[in-house]
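Written out below as structure tokens is the structure these notes cover.
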Amino acid sequence: MDKLIVPDTGLMFWTIVTFLCLVMILKKAAWGPLLKAIDEREYRLREDRLAAEEARAEAERIQKELEAQMAGVQTKSKELLAAAVKDGEALRAKLKAEAESDAQAIKDKTAAELVAEKNRLVDELRQEVASLSVLAAEKLMRKSVDEGVQKSVLDGFFRDLDTSKKAGRN
Amino acid sequence: MNFESVLAHHLVDHKLFHFMVGPLDLGLSPLIITMWVSALVATVTLSFAARSRSSAARLTRGMIEPVALFVRDDILEPLFGHHANFYLPYFLTLFFFLLTCNLIGLVPYAKGVTANIAVTASMALCTLFLIQFAGVKEQGLVSYITHIVPSGVPWWLWPVLFVIEVFGMFAKCISLCIRLFANMLAGHIVSLSFLFLIFIFAQMNKAMGFGVSPAAVGLALFIYLMDVLVSFLQAYIFTFLTALFVGGAVHPH
């Protein structure tokens, strides 16, 4: 059983040779390709992550830009709306004022026309009454009165008429 | 039947023929052939996993890659920094060679390669050389030798500590050698002991031999399964400790 714990030098030689050869062989045959694949994958992952981060940053930037634009558009539309409302109000006020003034002018004109018509009618009536009165007086007195007397009588008559009308109005 | 002769038959390597080169007997033995088979299996499996594009290779690669990444990122990277890639093939080969030898040693009729002190001593010797190589390569010869003793030691203590540290370096490697050897040998011996119980009882009485065999086989199987675990564990420990010792020589502070 001593052999169990006494190392055999030949075996040691073969072990070292085998192991060192295995290191060389595996370095070429296995570890090279394997580690290269791992490195490539890690590199790719890192690249992908960087690209993804960049894309995200870009997307965020675009989103912010759009938000700013939206805010600008909103304030502008609000301004426009307010301006339109103001214009509308002004227009309405203007139209109303114009309509009122027109109506007033029409009313004034109509009133003036009415007064003129009334005066004309009153004059006409007065002429009519005067001639009728003269006619009536001529017929009544059956005498011709000269033009001067007729005129003075008529004037006196109209004066009386005026005063009586004024008195009546009062 | 003598248990000692059975153990000797199973655990001691016997040369198939002798081939003397100076003091070395380079004759082949079943153990050497098993070791070569292990090396071949490791080479074929790992090359296949690393190079092939088939789904089986992808599966194997999926098992090997985490180990490789663990050795690189968790063992070597903290010790060697950016020099890790230089030492990585050595440590990966060390781990997978020991693992394959440990596992093939569990196959019936194969020899327990790592249950032989010559093999573990050779591996420890490789570690010892790697420590010197890495120390000189990373620090330079003079700096390496002066840094064998930790800095901040009084000058009169320096020679004593130098001797102690040099002996410590050997002790570390001897402990590596004995740890792997003893762990792998113990599994084999215990397995064989349980199986040998059957024959001891059968010598007393055939019926007792039959009676004890289920228990003996069950226990031997349990030890066998534990040996599978120990195979992984010891390969990892050997690799990790080697990295630790080499790292200590590379960074003396």
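Chains as they are written, first to last, in the working numbering: chain A, -12 to 157; chain B, 14 to 266.
Glycine included, each C-beta is placed from N, C-alpha and C at the ideal position.
Cβ-Cβ distance between residue i and residue j below 9 Å
i: residue 263 of chain B; j: residue 145 of chain B; result: no
i: residue 202 of chain B; j: residue 24 of chain B; result: yes
i: residue 98 of chain B; j: residue 22 of chain A; result: yes
i: residue 116 of chain A; j: residue 137 of chain A; result: no
i: residue 127 of chain B; j: residue 114 of chain B; result: yes
i: residue 136 of chain B; j: residue 170 of chain B; result: no
i: residue 20 of chain A; j: residue 64 of chain B; result: yes
i: residue 240 of chain B; j: residue 204 of chain B; result: yes
i: residue 25 of chain A; j: residue 82 of chain B; result: yes
i: residue 182 of chain B; j: residue 141 of chain B; result: yes
i: residue 162 of chain B; j: residue 175 of chain B; result: yes
i: residue 16 of chain B; j: residue 223 of chain B; result: no
i: residue 67 of chain B; j: residue 117 of chain B; result: no
i: residue 193 of chain B; j: residue 236 of chain B; result: no
i: residue 147 of chain B; j: residue -9 of chain A; result: no
i: residue 106 of chain B; j: residue 15 of chain A; result: no
i: residue 113 of chain A; j: residue 148 of chain A; result: yes
i: residue 102 of chain A; j: residue 124 of chain A; result: no
i: residue 72 of chain B; j: residue 244 of chain B; result: no
i: residue 238 of chain B; j: residue 18 of chain A; result: no
i: residue -11 of chain A; j: residue 26 of chain B; result: no
i: residue 32 of chain B; j: residue 252 of chain B; result: no
i: residue 149 of chain B; j: residue 157 of chain B; result: yes
Residue interval of the alpha helix (DSSP H) (run including residue i)
i: residue -6 of chain A; result: Element bounds for residue -6 of chain A: n/a, residue is neither H nor E.
i: residue 40 of chain B; result: No alpha helix (DSSP H) contains residue 40 of chain B, which DSSP labels as neither H nor E.
i: residue 27 of chain B; result: Residue 27 of chain B -> no alpha helix (DSSP H), and no H or E assigned at all.
i: residue 234 of chain B; result: 219 to 263
i: residue 131 of chain B; result: 130 to 152
Chain B contact residues for residue i, given Cβ-Cβ distances below 8 Å
i: residue 32 of chain A; result: What residue 32 of chain A touches in chain B: nothing, since even the nearest Cβ is about 13 Å away.
i: residue 21 of chain A; result: 59, 62, 63, 74, 77, 78 and 81
Proximal chain A residues relative to residue i, where beta-carbon distance stays under 9 Å
i: residue 110 of chain B; result: 5, 6, 9, 10 and 13
i: residue 45 of chain B; result: -3, -2, 1, 2 and 5
i: residue 136 of chain B; result: 2, 3 and 6
i: residue 55 of chain B; result: 9, 13 and 17
i: residue 197 of chain B; result: Residues of chain A passing the Cβ test: none, with the nearest at roughly 12 Å.
i: residue 49 of chain B; result: 1 and 5
Interface partners of residue i on chain B, CB under 9 Å
i: residue 180 of chain A; result: With chain A covering -12 to 157 only, the question about residue 180 of chain A has no answer from this structure.
i: residue 49 of chain A; result: None at all; the shortest Cβ gap to chain B is about 38 Å.
Neighbouring residues, chain A, relative to residue i (Cβ below 8 Å)
i: residue 38 of chain B; result: -5, -4 and -3
Partners in chain A for residue i, counting only beta-carbon separations shorter than 7 Å
i: residue 102 of chain B; result: 10, 13, 14 and 18
i: residue 186 of chain B; result: Result: empty, since nearest Cβ-Cβ is about 13 Å, beyond 7 Å.
i: residue 52 of chain B; result: 5 and 9
i: residue 105 of chain B; result: 18
i: residue 25 of chain B; result: -10 and -9
Go through the region 99 to 127 of chain A residue by residue and report every complete run of the alpha helix (DSSP H) that reaches 4 residues or more, in order. none
Per the contact definition of three or more C-beta pairs closer than 8 Å, is the region 5 to 17 of chain A in contact with the region 101 to 112 of chain B? yes
Can at least three beta-carbon pairs, one atom from the region 124 to 132 of chain B and one from the region 32 to 44 of chain B, be found at a separation below 8 Å? yes
Alpha helix (DSSP H) runs wholly inside the region 48 to 72 of chain B, at least 4 long, in chain order: none
Do the region 31 to 40 of chain B and the region -7 to 0 of chain A meet, that is, are 3 or more Cβ pairs less than 8 Å apart? yes
For the region 75 to 87 of chain B against the region 32 to 39 of chain A, do three or more pairs of beta-carbon atoms, one drawn from each stretch, fall closer than 8 Å, so that the two count as touching? no
The region 242 to 261 of chain B / the region 86 to 105 of chain B touching (three or more Cβ pairs under 8 Å): yes
In chain order, which beta strand (DSSP E) runs of at least 3 residues are fully inside the region 86 to 134 of chain B? none
Would you say the region 226 to 233 of chain B touches the region 59 to 75 of chain B, given that touching needs at least three Cβ pairs under 8 Å? no
Taking the runs of the alpha helix (DSSP H) that are 4 residues or longer, which of them lie wholly in the region 153 to 183 of chain B? 154 to 159
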